[in-house]
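In terms of numbering that gives the first Met the number 0, the sequence shown has 626 at position 627, counting the first letter as 1, and numbering is strictly consecutive.
Each residue gets a CB set at the ideal place from its N, CA and C atoms; glycine is no exception.
Just so you know, these numbers come straight off a predicted model, no measurement behind them.
Step one of this worksheet: look at the structure below.
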Amino acid sequence: MLVVTNGVTWAGLRGSVPFTGGRAMHKRRTVLAGTLAVGLGISALLGGQVVAAGGTLPAPIYSSTLVGPGQADMYPVDVTSNSTAGQSCTTSASGCYYFVLDAGNYRLLAVNRVSHAIDWQIGGMQGNDPLPNSSPGSLPVQFSDARAVGYDSATGDVYVADTANNRVLVFSFSPTSGFSYLTQFGTKGTGPGEFDLAYGVAVDPVHRWVYVTDGSPGQVEKFSIGTGSVPTYTHLTSFGTGTLNEPRQVEVAPNGDVLVTNRPQNKKHSYYYVYSSAGTLEFGFGVTGSGNGDFTNDPRGVAVSADGSTVFATDSGGDRVEAFTLTQSGGHYTSATWSYTIPNPGGTGGQPFVGLRGLTTTADNHLMVTDEWGFDLHEFSFTPGTTTYASTYNSSPTSPPVPGVSAPRGIQVTAGGEIYVMDYWNQRVEYGTLGSGGTIQGAQAFGVRGDPNQDGAINFAWSIALQPGTGNVFVANRESNQVEVFSPTGTTLAIDGTKGTADGDFSFPQGIAFAPNGDLYVSDTGNDRIQEFTVNSNDTLAFVASYGTKGTGSGAPKGELNQPTGITVSPDGSTLWVADTLNNRIQSLSLSSGTWNAPITRTTGSGKQTPFNVPWGVTVAPDGSIWVSDTGNNRLVSMSTTGALNWSVTGAQLGVPDNTAGTQTIYPFAVAFGSGDDVYLSDTWNNRVLVLTS
Numbered sequence: 000m001l002v003v004t005n006g007v008t009w010a011g012l013r014g015s016v017p018f019t020g021g022r023a024m025h026k027r028r029t030v031l032a033g034t035l036a037v038g039l040g041i042s043a044l045l046g047g048q049v050v051a052a053g054g055t056l057p058a059p060i061y062s063s064t065l066v067g068p069g070q071a072d073m074y075p076v077d078v079t080s081n082s083t084a085g086q087s088c089t090t091s092a093s094g095c096y097y098f099v100l101d102a103g104n105y106r107l108l109a110v111n112r113v114s115h116a117i118d119w120q121i122g123g124m125q126g127n128d129p130l131p132n133s134s135p136g137s138l139p140v141q142f143s144d145a146r147a148v149g150y151d152s153a154t155g156d157v158y159v160a161d162t163a164n165n166r167v168l169v170f171s172f173s174p175t176s177g178f179s180y181l182t183q184f185g186t187k188g189t190g191p192g193e194f195d196l197a198y199g200v201a202v203d204p205v206h207r208w209v210y211v212t213d214g215s216p217g218q219v220e221k222f223s224i225g226t227g228s229v230p231t232y233t234h235l236t237s238f239g240t241g242t243l244n245e246p247r248q249v250e251v252a253p254n255g256d257v258l259v260t261n262r263p264q265n266k267k268h269s270y271y272y273v274y275s276s277a278g279t280l281e282f283g284f285g286v287t288g289s290g291n292g293d294f295t296n297d298p299r300g301v302a303v304s305a306d307g308s309t310v311f312a313t314d315s316g317g318d319r320v321e322a323f324t325l326t327q328s329g330g331h332y333t334s335a336t337w338s339y340t341i342p343n344p345g346g347t348g349g350q351p352f353v354g355l356r357g358l359t360t361t362a363d364n365h366l367m368v369t370d371e372w373g374f375d376l377h378e379f380s381f382t383p384g385t386t387t388y389a390s391t392y393n394s395s396p397t398s399p400p401v402p403g404v405s406a407p408r409g410i411q412v413t414a415g416g417e418i419y420v421m422d423y424w425n426q427r428v429e430y431g432t433l434g435s436g437g438t439i440q441g442a443q444a445f446g447v448r449g450d451p452n453q454d455g456a457i458n459f460a461w462s463i464a465l466q467p468g469t470g471n472v473f474v475a476n477r478e479s480n481q482v483e484v485f486s487p488t489g490t491t492l493a494i495d496g497t498k499g500t501a502d503g504d505f506s507f508p509q510g511i512a513f514a515p516n517g518d519l520y521v522s523d524t525g526n527d528r529i530q531e532f533t534v535n536s537n538d539t540l541a542f543v544a545s546y547g548t549k550g551t552g553s554g555a556p557k558g559e560l561n562q563p564t565g566i567t568v569s570p571d572g573s574t575l576w577v578a579d580t581l582n583n584r585i586q587s588l589s590l591s592s593g594t595w596n597a598p599i600t601r602t603t604g605s606g607k608q609t610p611f612n613v614p615w616g617v618t619v620a621p622d623g624s625i626w627v628s629d630t631g632n633n634r635l636v637s638m639s640t641t642g643a644l645n646w647s648v649t650g651a652q653l654g655v656p657d658n659t660a661g662t663q664t665i666y667p668f669a670v671a672f673g674s675g676d677d678v679y680l681s682d683t684w685n686n687r688v689l690v691l692t693s
């Protein structure tokens, strides 16, 4: 287990995740009937709560914390090293470090290569601070699903590809004082120097260039590094368009060639490509398969040995690391020939491989591999030019505890007092019985990180819906582009869907809700539409209808959607409510006529009314009012069906405890109504589920 020095607080907790598997799997889908309306964001499962006719639920206040943070020791996704030729790494004071990107805990770590202690860290919360033009040394430092880390051996600076924030952050590092923010470059966009998912970063310390993989356009962007105490960056060129599809990690080899990890779109594409520094394609290697030199699913890491003779690549789907011998001619690589495989579990006494990601090599021929879903680091020694390797270190990880959540999202409460929470980053559904005094009893969890069509695999799912009558759990399995159906205790009953745009297909579904008649509605977020299904007796889904089309801006015509998330159906089954998230508004659809009503971009009433900002959730409360999780404004809002404001509350007004940043800021995603006056809120980026009293 990794330890902590220099006063760094370590958030790892012990625990285990029980899981019960199941079987039936289907490519098409459906849902059974019932009488309760269920929504993402906020649930209309009333759980016995009753409001007198004509009454309005008052603004809630904080009562207790039902579930608090529950993270693994780390969720490592990439690693680099400050190793240099001739450097002696014999004692913990040698200054030899691995820089590890811990995506799930939103932080950058300095792991001592000798003691294996975490000597330094920076970050720890999701967000986008420091903002552009912030001064060096600015705090706090926040990340949003950062995916890659690079090292500049000429200056000692560390680079982080802050993927979802579409930027690269640059830090100085000292073994005696740790990390310090220097600067950043990049913004969201498609022009030169802009990113749409900045996924990988690598530095050429000799020529003073930095390469960044730009995921959505499928390209590599190249920048020059300016001189000065605070470096500057100038965009030089982009390359790889038309060949690359969702490029991942990137590596600069000792000869200056650039190796790019690629997610192939079809069998014509390779998993890895080699370019010259000018962007000329040299060759590709790696095809789909399970044999030597093949890859089975979405590889994530690439690293070249210090002498330039060997390249290591993670076969993430195959749970193995593959080594290839590189051949050069005229100063550039010309081919990569498979040499050997480091199989699961990674050598004698090694921890098993679960979710391999980025990797790096050192000047003294060590290989460090990150394992996001094994919560682990795996280190090996190797001999370049041979097939000799040996396991030298595993970090002995601890799993996320139960109860405990990491970025919780969808939440549901049954009339019988059971609560279900989508534990987003831990890839599981956590459930238990609501006890007295705002407690959870008998907490358990089901789900594992896995592949589409795999029983029990939950892949960054956002929301859940409980089927009326059966209590079966329907999961909007975002990254799998599917709906997966579980029994109330976690046995897989059915898996439905495939990625696509046809009726019944999904693209990153994020919301899910039942209507009183048993029909199921799914926010097909990536396709900017809501789909309706019935549920067959075998729990598969049958397509009924699709609602909404693509449209951007708060002024877009009614019925046009931009990344819809939270949905719910009114208890009388007459109206579908939609959080039109990136259009910053709430929309409603009259189901009997199929007519969209006027969008609500802000509430009405006396005084200044704040426009909605990235609302994630919406529901019909027991009093008939509409509750909105106005996430971007860090507040809960209650309004009438026509948008008249009842109340709006922030975390401070709710009276919630301070978060780890020392503020009462909340990040509301989902609300569910329990018995009596209890309301349950998933406070996503604060890693907690709160009990409110209304």
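{"query": "C-beta atoms of L325 and A312 nearer than 8 Å", "result": "no"}
{"query": "Short Cβ contact (8 Å threshold) for S152 with D363", "result": "no"}
{"query": "For Q530, the first and last residue of its enclosing beta strand (DSSP E)", "result": "528 to 534"}
{"query": "According to DSSP, residues forming a beta bridge with W615", "result": "Paired residues: none, contrary to the question."}
{"query": "As assigned by DSSP and simplified to three states, the class of A145", "result": "coil"}
{"query": "Whole runs of the beta strand (DSSP E) within the region 563 to 616, excluding any shorter than 3 residues", "result": "566 to 568, 574 to 579, 584 to 589"}
{"query": "Opening and closing residue of the beta strand (DSSP E) in which L465 lies", "result": "462 to 465"}
{"query": "Start-to-end residues for the alpha helix (DSSP H) that takes in Q736", "result": "This structure does not reach residue 736, given that the chain is present from 0 up to 693, and the question cannot be answered."}
{"query": "Inter-stretch contact at 8 Å, needing at least 3 Cβ pairs: the region 132 to 139 / the region 186 to 195", "result": "no"}
{"query": "Three-state secondary structure (DSSP) of Q264", "result": "coil"}
{"query": "Cβ-Cβ distance between L635 and Q608 below 8 Å", "result": "no"}
{"query": "Q183: first and last residue of the uninterrupted beta strand (DSSP E) it sits in", "result": "177 to 184"}
{"query": "Host alpha helix (DSSP H) of G192 (start-end)", "result": "That residue, G192, is in no alpha helix (DSSP H); it is neither H nor E in DSSP."}
{"query": "Span separating the alpha-carbon of Y274 from that of G330", "result": "12 Å"}
{"query": "H377, buried or exposed, once every other Cβ within 10 Å from all chains shown has been counted against 16", "result": "buried"}
{"query": "N81 in three-state terms, based on DSSP", "result": "coil"}
{"query": "Distance between S591 and W372 (C-alpha atoms, nearest Å)", "result": "45 Å"}
{"query": "Bounding residues of the beta strand (DSSP E) (the contiguous stretch that carries G431)", "result": "427 to 434"}
{"query": "Cβ pair count under 8 Å reaching 3, the region 243 to 256 against the region 202 to 212", "result": "yes"}
{"query": "Straight-line Cα distance separating I439 from L433", "result": "5 Å"}
{"query": "Rounded distance between the beta-carbons of D682 and P692, thought under 8 Å", "result": "According to the sequence provided, residue 692 is Thr. The question's Pro does not apply to it. Not confirmed; about 16 Å, so no contact."}
{"query": "Length of the line joining the Cα atoms of T212 and N535", "result": "44 Å"}
{"query": "Under the three-state DSSP convention, the category L138 falls into", "result": "coil"}
{"query": "Buried versus exposed, by CB contacts within 10 Å (16 or more), K549", "result": "exposed"}
{"query": "Neighbourhood of F142 by C-beta distance below 6 Å, restricted to the same chain and skipping five residues each side", "result": "Y105, G122, D161"}
{"query": "V648 versus Y96: straight-line alpha-carbon distance, rounded", "result": "45 Å"}
{"query": "contact_flag[the region 381 to 389, the region 397 to 407] where n(CB pairs < 8 Å) is 3 or more", "result": "no"}
{"query": "Straight-line gap, E321 to W424 (C-alpha atoms, nearest Å)", "result": "28 Å"}
{"query": "Contact set for Y232: own chain, Cβ-Cβ below 6 Å, skip 5 residues either direction", "result": "F184, F222"}
{"query": "Check whether W615 and S628 have beta carbons under 8 Å apart", "result": "yes"}
{"query": "Residue burial classification, S269 (beta-carbon count within 10 angstroms, cutoff 16)", "result": "buried"}
{"query": "Whether A578 touches Q411 by CB criterion (8 Å)", "result": "no"}
{"query": "Segments assigned alpha helix (DSSP H), at least 4 residues, entirely inside the region 486 to 566", "result": "none"}
{"query": "Closest residue to A597 among T641, S173, D72 (Cα-Cα distance)", "result": "T641"}
{"query": "Proximity to E429 [Cα-Cα], best of S133, Y666, V474, G604", "result": "V474"}
{"query": "Outcome for P610 when other beta-carbon atoms lying within 10 angstroms are tallied against a minimum of 16", "result": "exposed"}
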